[in-house]
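S.K.: Each step along the sequence shown adds one to the number in full-length UniProt numbering, with nothing skipped, and position 322 is 322.
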Amino acid sequence: MPLSDTAARQAKFSGKPQKLSDEKGLFLLVNQSGKYWRLKYRHGGKEKTLALGVYPEVSLKEARSKRDDARRLIAEGIDPGLVRKQSKVASRLASESSFEALAREWHQSQLARWSQGHATRVIESLEVDAFPDLGLVPVAELTAPMILDALRKVEKRGATETAGRVLQRISAIMRYAIQTGRASYNPAQDLKGALKAAKKEHRPALPRAELPEFYRRLAVEPLNPATRLAFHLLMLTMTRPGEVRFARWDEFDLERAEWRIPAERMKMRSEHIVPLSRQALAVLDELHQVTGHCELLFPSERNLTNPMSENTLSYAMGRMGYKGIACPHGFRALASTTLNEEGFDPDVIERQLAHAERNKVRAAYHRAEYLDDRRKLLQWLADFYESQQGGNVRPVNFNRAV
């Protein structure tokens, strides 16, 4: 006798599992955790059971339809249970072979070769400019037009150099997909010459004469306190923006007034000692009240274990009216120009900028001999910067660390 919908609805667990039979092998299994549709069938001389869903999410009518589909496969000599397992495997492989999944796997495989800063920049660029359009696409189905469409959006915002870097990374990911058997062709290689050529230009620096106006804008712009202090530390140490972004509190020896940046975070892969001026110590004193509970000086607002975005300072300068006029990296050029104009030793300036020294013996000499000179240089620079800030807009109390 066929099972009725009323019987299925009214069936209750009575202390032990029970089976309510329908027809052609279909039955409703009632146990303590719920009601489940099952199909009993034979294939290859063995009795098997196939799950068809949970009642009442799957109605009696739907369960019978699924039973009939399974019986048609059985009639053709196909095991419906095996088809189910193969479908699950295919879905899992499709998920694992999506572009984003492969990209993150590739990224992990490269970490031993990269610095922490570079690794973060790579994954951030993919998360912003590749995953939104390409992330869910199976790598084996990725095409050159798909990639180009995603990169055109990057070009439209004027980031032609970024578009080129993202294309290089997509190409590397596709090569990895081929090497690991997830794709047979690299469509990114078909885009050679398709992107706009990035203009080679120096990073724009703020003119010395405009420092008072810059400090005025920095003081009144509604910025996160840590972002505002990041500008001060960047300028007072002549370091690169990436070195500031990844700075950690345990790198600072405040008693010796030194910041020791480890080799793995330096562009030239050599430890860099940065003497700290009175003003830099005051910035750190104020910053410690904001982020002293974190490992990083400038953590991301979303995740305190990650550094602030590489775009944070650039976007802030854009809001302050300096887009295309000056950029964070340009403060190094400003400091270099100012110090050279004031007659400081060019070798000392170059050493403070942590530029490469091809002669290893001379490089070691510079590290030891120029530390005192660099301390004097940075203190002069800090005093000069302080003189450019009007007392009514000074955002940092430089007397606190005296």
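Glycine included, every Cβ here is placed at the ideal spot set by N, Cα and C.
Everything numeric in this text was worked out from a predicted model, so none of it was measured.
For R216 and R228, what's the separation of their Cα atoms in angstroms?
M.R.: The residue labelled residue 216 in the question sits at position 216 within the sequence shown. The residue labelled residue 228 in the question sits at position 228 within the sequence shown. So the alpha carbons of these two residues sit roughly 12 Å apart.
S.K.: Pick helix, strand or coil for H293, following the three-state DSSP scheme.
M.R.: In the sequence shown, residue 293 corresponds to position 293, counting from 1. Note: H293 maps to coil in three-state DSSP.
S.K.: Name the two residues that bound the continuous alpha helix (DSSP H) containing Y176.
M.R.: The sequence position of residue 176 within the sequence shown is 176, counting from 1. Counting along the chain, the alpha helix (DSSP H) containing Y176 begins and ends at T160 to Q179.
S.K.: Cβ of W37 within 8 Å of Cβ of L52?
M.R.: For the purposes of this step, residue 37 is identified with residue 37 of the sequence shown, where counting begins at 1. For the purposes of this step, residue 52 is identified with residue 52 of the sequence shown, where counting begins at 1. Contact flag set, yes.
S.K.: Going by Cα to Cα distance, which pick from A183, A219 and R240 is closest to V137?
M.R.: If you number the sequence shown from 1, residue 137 lands on position 137. Comparing Cα positions, the closest option is A183.
S.K.: Could you give the distance in angstroms between the alpha-carbon of K376 and the alpha-carbon of T143?
M.R.: Numbered from its first residue, the sequence shown carries residue 376 at position 376. Numbered from its first residue, the sequence shown carries residue 143 at position 143. Spanning the two alpha carbons is a distance of roughly 57 Å.
S.K.: Mind listing, in chain order, the continuous beta strand (DSSP E) runs of no fewer than 3 residues lying wholly within the segment 36 to 102?
M.R.: Within the segment 36 to 102, the complete beta strand (DSSP E) runs of at least 3 residues are 46 to 55.
S.K.: Where does the unbroken alpha helix (DSSP H) through S21 begin, and where does it stop?
M.R.: Here residue 21 is taken as the residue at index 21 of the sequence shown, counted from 1. Where S21 is concerned, there is no enclosing alpha helix (DSSP H), although the beta strand (DSSP E) it sits in stretches over Q18 to S21.
S.K.: Quick one: using the 10 Å Cβ neighbour count with 16 as the cut-off for buried, is E243 buried or exposed?
M.R.: Sequence index remark: in the sequence shown, residue 243 carries index 243 (1-based). Buried: at least 16 other Cβ atoms inside 10 Å.
S.K.: Apply the 10 Å Cβ neighbour rule to N186 and answer buried if 16 or more other Cβ atoms are within range, or exposed otherwise.
M.R.: By one-based count along the sequence shown, residue 186 stands at place 186. Classification for N186: buried.
S.K.: Could you spell out where the alpha helix (DSSP H) holding H118 opens and where it closes?
M.R.: Here residue 118 refers to the residue found at position 118 when the sequence shown is read from its first residue. Q116 to D129 is the extent of the alpha helix (DSSP H) around H118.
S.K.: Could you tell me how far apart the beta carbons of A230 and L296 are, in whole angstroms, since I believe they sit closer than 8 Å?
M.R.: Residue mapping note: residue 230 aligns to position 230 of the sequence shown, counting from 1. Residue mapping note: residue 296 aligns to position 296 of the sequence shown, counting from 1. Not really, about 11 Å apart at Cβ, beyond 8 Å.
S.K.: On the three-state DSSP scale, how would you describe L371?
M.R.: The residue you call residue 371 lines up with position 371 of the sequence shown. Three-state result, L371: helix.
S.K.: Let me know the beta strand (DSSP E) ranges lying completely inside the segment 303 to 360, each 3 residues or longer, listed in chain order.
M.R.: You should have found no qualifying run.
S.K.: Output yes or no for whether 8 Å exceeds the beta carbon distance between A247 and L281.
M.R.: If you number the sequence shown from 1, residue 247 lands on position 247. If you number the sequence shown from 1, residue 281 lands on position 281. For A247 and L281, no; Cβs fall outside 8 Å.
S.K.: With which residues is F252 paired in a DSSP beta bridge?
M.R.: Looking up residue 252 in the sequence shown gives position 252. W259, per the DSSP bridge assignment.
S.K.: Relative to the C-alpha of P275, which residue among D285, D250, E310 and L236 is closest?
M.R.: For the purposes of this step, residue 275 is taken as the residue at position 275 of the sequence shown. P275 has its Cα closest to that of L236, out of D285, D250, E310 and L236.
S.K.: Exposed or buried, what is V30 when buried is set at 16 or more other beta-carbons lying within 10 Å of its beta-carbon?
M.R.: Translated into the one-based positions of the sequence shown, residue 30 becomes position 30. The residue in question, V30, is buried, as its Cβ has 16 or more Cβ neighbours within 10 Å.
S.K.: As a quick exercise: from E301, L102 and E210, pick the residue whose alpha carbon is nearest that of T180.
M.R.: Taking the first residue of the sequence shown as position 1, residue 180 is located at position 180. Ranking E301, L102 and E210 by Cα distance to T180 puts L102 first.
S.K.: Do you know whose CA, among D383, R302, E310 and A163, lies nearest T338's CA?
M.R.: What you label residue 338 is simply residue 338 of the sequence shown in a count that begins at 1. Residue D383 is the option with its Cα nearest to T338.
S.K.: Rank A335, L3 and E301 by C-alpha distance to the C-alpha of A209 and give the top, closest one.
M.R.: Taking the first residue of the sequence shown as position 1, residue 209 is located at position 209. Answer by Cα proximity: A335.
S.K.: Alpha carbon to alpha carbon, how far is R152 from Y370?
M.R.: Here residue 152 refers to the residue found at position 152 of the sequence shown. Here residue 370 refers to the residue found at position 370 of the sequence shown. Rounded to whole angstroms, R152 to Y370 spans 48 Å at the Cα level.
S.K.: Under 8 Å between C-beta atoms, does T120 make it to chain C?
M.R.: You won't find chain C in this structure, because it holds only one protein chain.
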